[in-house]
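Colleague:
There are 2 protein chains.
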Amino acid sequence: MVDIATRVYNHKWKIDPIVRSLIDTDFYKLLMCQSVFRNKPDTHVTFSLINRSKHIRLAELIDEGELREQLDHIRSLSLSRGESTWLRGNTFYGKRQMFRPDFMEWFEALRLPPYHLEKRDGQYELTFEGRWPEVMLWEIPALAVLMELRSRAVLAPMGRFELQVLYARAMTKLWEKVERLRQLPDLRLADFGTRRRHSFLWQDWCVQAMLEGLGGKFIGTSNCLIAMRREVEAIGTNAHELPMVYTALAEDDAALKRAPYDVLADWQEEHSGNLRIILPDTYGTEGFLRDAPDWLAGWTGIRIDSGDPAKGAETAIRWWQERGEDPRNKLIIFSDGLDVDKIAELSAQFAGRARISFGWGTLMTNDFRDLTPNDALAPFSLVCKAVSADGRPTVKLSDNPNKAMGPADEVARYKRVFGVADQERIEVVV
Amino acid sequence: MVDIATRVYNHKWKIDPIVRSLIDTDFYKLLMCQSVFRNKPDTHVTFSLINRSKHIRLAELIDEGELREQLDHIRSLSLSRGESTWLRGNTFYGKRQMFRPDFMEWFEALRLPPYHLEKRDGQYELTFEGRWPEVMLWEIPALAVLMELRSRAVLAPMGRFELQVLYARAMTKLWEKVERLRQLPDLRLADFGTRRRHSFLWQDWCVQAMLEGLGGKFIGTSNCLIAMRREVEAIGTNAHELPMVYTALAEDDAALKRAPYDVLADWQEEHSGNLRIILPDTYGTEGFLRDAPDWLAGWTGIRIDSGDPAKGAETAIRWWQERGEDPRNKLIIFSDGLDVDKIAELSAQFAGRARISFGWGTLMTNDFRDLTPNDALAPFSLVCKAVSADGRPTVKLSDNPNKAMGPADEVARYKRVFGVADQERIEVVV
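Taken in order, these protein sequences are the chains called V and L. Position one of the first sequence corresponds to residue 1 (our numbering), numbered consecutively onward. Position one of the second sequence corresponds to residue 431 (our numbering), numbered consecutively onward.
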């Protein structure tokens, strides 16, 4: 029996919306948004899309009209009653009422601000300007829309069974990873793949497959909508945008040097336990830890998001030891460019030396490598970053010069202030 | 939106029936049935299930109650109006009204006769006794039921995503075959996989995937129900059961020797063109062709169903040449134990020397090899054969002693009468 109403309803949509909910975003964006809403509500920030993989000519693949329709649809979204109830009533990281009533009232009334879109050199220039807590919520949906429109463009000419076999192959590929991952003792792994997913439905499938295949070794997803629907933990803490904006606002070199720690001081006031995770690499991990105040060594853990991950973890372990902390009580979260081999290698290397967990991103939710002719679905490195704050450019150095951002003179100044020497250059795949 | 009515309807079924239509069977069974209905309507025949793969202990895998429910369900089936209309009105092999009105009236009133089921030594003994045109229609549904119940038994403990990945892998496997097959110039290939399919839905998927993936190189399916629903050609001619029963009925050695040709004389009265296909191997291809009447060399083609297929085809080509026929105008149909390698090899070997086509069976519709632990879904060799006619045992020699059937003394007599010498023994996988 055909369900006529469903069929008619489906055909009523003018577009097939990619992002259908304001909580189809990473949990840490909401945590950071609440922090920003409290600490820097009026800072004027510009977010900008940056395609690090210039060979993917997005403006040639993706129709501008379709992109605008998707972005316009996101601007029509507001928090639903059920989503609001979940955010207000759910327990996150063991804490009830993680989101304060004043933040929730603001969020419930929020519509995302306008965007600016232009084509240049085969790429889209997509920017979002406005009050920080508003524009920051564009990052994840904007990335997800571009990634999925690119997927759709590649899939458009394919036949029905060819498509089914493509997904069959992708499912098999993910499941083979699951079968390898479940061999790893004491694995703790979360989905961090929202921003560069192949599509929403595919991410949702991957999360469910991991749930069945990994059981308790799969600890949750960064995606709030999927966490809510699939009843798994929402995972995430904080990101580079906090120190990037704080440092951009600094009035002089001394304030600049202090700013990354100011961020964490603000964070410490709001969060405890497993949410106290240091992200040390924004201006170089070595210098950040060397010059860190003692109270930071008491935090629960660290997230390694650039550079050689094993080296970063060794640095963190040494630092804890120097500050009189036992690394075995500390949590190290790896979240940069992971795939199964690297996860297995890091698991083995740090077993028993610290608590380890993994935030697995693009190669969980978008590994269609070698599944299409010309590898047209291979993932690529698309980011959406805060590029200025109150008119001043932001800077990110990272532990990998290939991930650095900002004007050359400012980068040089930051390197001087933060004492960053030559760094190893590592190819950025995803 | 949940379609409540569909859901309730689905849950009303006491069982999930495997065979849901009397035309979920091979086209050649209906052609032969019509021939038998005209020529030997009152012959009393026994069909019996034979599992050549003794290591598959079907009675331990499959619950007897479930098997009986499925067989009972088949006995409740009768030809639907749409099915009857299709059989009466469709064009088969370029001919309208292939099925005569008297046969259709009989078929419309038919219910399948009772079955006899016992367990012995971990196997099921399943037999069908009665008038030949009735009991012969049990063959395909009985095989399909046993094959699919075995699949279900193996799949029962699997998780939802594990199952989805299993089918993903099977789809990928078939599609890789399609991708190789479409490289073959002048390929003509049909689905002959009903009897040993993994399941009905899987066969239906395979046929649709071949349609999309192979286009005009896929010429149709032996399955009438799928041919009707997917609007492709129904393919098939005749099988060993005709000469097996005709010879069993022979009163003396002279009549025995003549019987296989009598079958084809009857067939020639009814059918022309691409339906005049010789199946020469029932009592040895060499002797059958050597002693054949001249009119048989005028037939359209030959089907190679046992022994080394290249050798069989070479024998046929030589025979046509000896009889003054040009093999390039003849059709050779390969239908025994095919998979892609063998299809490619035979295609290359006989290109330009004869018209070639392939009836691809078990390794199209049931290739789940290496997809489950212990290879629990590997296909196996299950057949359902006429074992006696009017109280006399049937005999099949075939071009492979591993496919021979019948009591030892009768096999010896047939070998003598048909002049069959030592034959090459070839392993029967499917």
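We treat Cβ as the ideally placed atom computed from N, Cα and C, and that holds for glycine.
Does the Cβ-Cβ distance between Leu174 of chain V and Lys29 of chain V come in under 8 Å?
Modeller: no
Colleague: Could you say which of V:Phe192, V:Pro17 and V:Leu242 lies nearest to Gln203 of chain V if we only look at CA atoms?
Modeller: V:Phe192
Colleague: How far does the beta strand (DSSP E) with Glu455 of chain V in it extend, from its first residue to its last?
Modeller: Only positions 1 to 430 of chain V appear in this structure, which leaves residue 455 of chain V out of reach.
Colleague: Which of the three DSSP states is assigned to His474 of chain L in this structure?
Modeller: strand
Colleague: Please list, in chain order, all residues of the same chain as His386 of chain V whose beta carbon is under 6 Å from its beta carbon, the five residues on each side excluded.
Modeller: Note on residue identity: the sequence assigns Ala, not His, to residue 386 of chain V. Cβ neighbours of Ala386 of chain V beyond the five flanking positions: Val45, Phe47, Glu241, Met244, Val245 and Thr394.
Colleague: For the candidate residues L:Gln638, L:Thr792 and L:Leu655, whose alpha-carbon lies nearest to that of Gly767 of chain L?
Modeller: Checked all of L:Gln638, L:Thr792 and L:Leu655; the closest Cα to Gly767 of chain L is L:Thr792.
Colleague: Closer than 7 Å by beta-carbon distance: list the chain V residues that pair up with Val662 of chain L, in chain order.
Modeller: In chain order: nothing, as chain V lies at least about 14 Å away.
Colleague: List in chain order: all unbroken beta strand (DSSP E) runs of 3+ residues lying wholly within the segment 206–257 of chain V.
Modeller: At a cut-off of 3 residues, the continuous stretches assigned as beta strand (DSSP E) that sit fully inside the segment 206–257 of chain V are 218–221.
Colleague: Is any non-hydrogen atom of the ligand NAD found closer than 7 Å to the C-beta of Val340 of chain V, if you look at the structure I gave you?
Modeller: Looking for the ligand NAD in the displayed structure turns up nothing, as the structure carries no ligands at all.
Colleague: In terms of alpha-carbon separation, which member of V:Lys396, V:Gly284, V:Gly324 and V:Asp305 lies closest to Leu296 of chain V?
Modeller: V:Gly324
Colleague: Considering only the beta carbon of each residue, do Asn759 of chain L and Asp454 of chain L sit closer than 8 Å?
Modeller: no
Colleague: Spatial neighbours of Leu214 of chain V within its chain, please: CB distance less than 8 Å, with the 5 preceding and 5 following residues excluded, ordered by chain position.
Modeller: Val178, Leu181, Arg182, Leu187 and Leu189
Colleague: Taking the CB atoms as reference points, tell me whether Phe630 of chain L and Leu641 of chain L lie closer together than 8 Å.
Modeller: no
Colleague: Taking just the CA atoms, how far does Asp399 of chain V sit from Gln423 of chain V?
Modeller: 7 Å
Colleague: Grab the span of the alpha helix (DSSP H) containing Lys311 of chain V for me, first residue to last.
Modeller: Pro309 to Glu322
Colleague: Is the segment 37–44 of chain V touching the segment 79–90 of chain V, taking contact as three or more C-beta pairs under 8 Å?
Modeller: no
Colleague: Going along chain V in order, which residues have a C-beta closer than 7 Å to the C-beta of Met658 of chain L?
Modeller: Per Cβ cutoff of 7 Å: no residues; Met658 of chain L is ~20 Å from chain V at best.
Colleague: Could you name the residues that DSSP lists as bridge partners for Gln553 of chain L?
Modeller: L:Arg550
Colleague: Note the first and the last residue of the continuous beta strand (DSSP E) segment covering Phe533 of chain L.
Modeller: Per DSSP, Phe533 of chain L is not a residue of any beta strand (DSSP E); the alpha helix (DSSP H) it occupies stretches across Pro531 to Ala539.
Colleague: Checking contacts by CB at 8 Å: is Gln594 of chain L closer than that to chain V?
Modeller: yes
Colleague: Is the CB of Met431 of chain L under 8 Å away from at least one CB in chain V?
Modeller: yes
Colleague: Using 8 Å as the threshold, is the C-beta distance between Ala234 of chain V and Phe107 of chain V below it?
Modeller: no
Colleague: Spell out whether any CB of chain C is found under 8 Å from the CB atom of Glu212 of chain V.
Modeller: Here the protein chains are V and L, and chain C is not one of them.
Colleague: Name the DSSP bridge partner or partners of Met136 of chain V?
Modeller: Note: Met136 of chain V sits in no beta bridge, so no partner.
Colleague: Quick check on DSSP: helix, strand or coil for Leu31 of chain V?
Modeller: DSSP, read as helix, strand or coil, puts Leu31 of chain V in helix.
Colleague: Quick check on Gln779 of chain L: buried or exposed, where buried means 16 or more other Cβ atoms within 10 Å of its Cβ?
Modeller: When all chains shown are included, Gln779 of chain L counts as exposed.
Colleague: Can you tell me where the alpha helix (DSSP H) holding Ile74 of chain V begins and where it ends?
Modeller: Glu64 to Arg75
Colleague: Pull the bridge partners of Ser388 of chain V from the DSSP assignment, please.
Modeller: V:Thr46 and V:Pro393
Colleague: When the distance is taken between beta carbons, is Pro690 of chain L closer than 8 Å to Phe718 of chain L?
Modeller: yes
Colleague: Give me the chain L residues within the contact set of Trp175 of chain V, using Cβ-Cβ distance strictly less than 7 Å, ordered along the chain.
Modeller: Chain L residues near Trp175 of chain V: Val595.
Colleague: Using 8 Å as the threshold, is the C-beta distance between Val850 of chain L and Leu827 of chain L below it?
Modeller: yes
Colleague: Taking Cβ-Cβ distances shorter than 8 Å, what residues in chain L pair up with Met171 of chain V?
Modeller: Gln594, Val595 and Ala598
Colleague: Output, in chain order, the set of chain L residues within a Cβ distance shorter than 7 Å of Glu160 of chain V.
Modeller: Just to set this straight, residue 160 of chain V is Arg in the shown sequence, not Glu. Result: Glu642.
Colleague: Quick one: measure Cβ to Cβ for Asp305 of chain V and Ser272 of chain V, integer angstroms, because I've assumed they're closer than 8 Å.
Modeller: Not a contact, Cβ separation roughly 22 Å.
Colleague: Name the two residues that bound the continuous alpha helix (DSSP H) containing Ile4 of chain V.
Modeller: Ile4 to Lys12
Colleague: Taking the runs of the alpha helix (DSSP H) that are 4 residues or longer, which of them lie wholly in the segment 758–823 of chain L?
Modeller: 770–780 and 792–795
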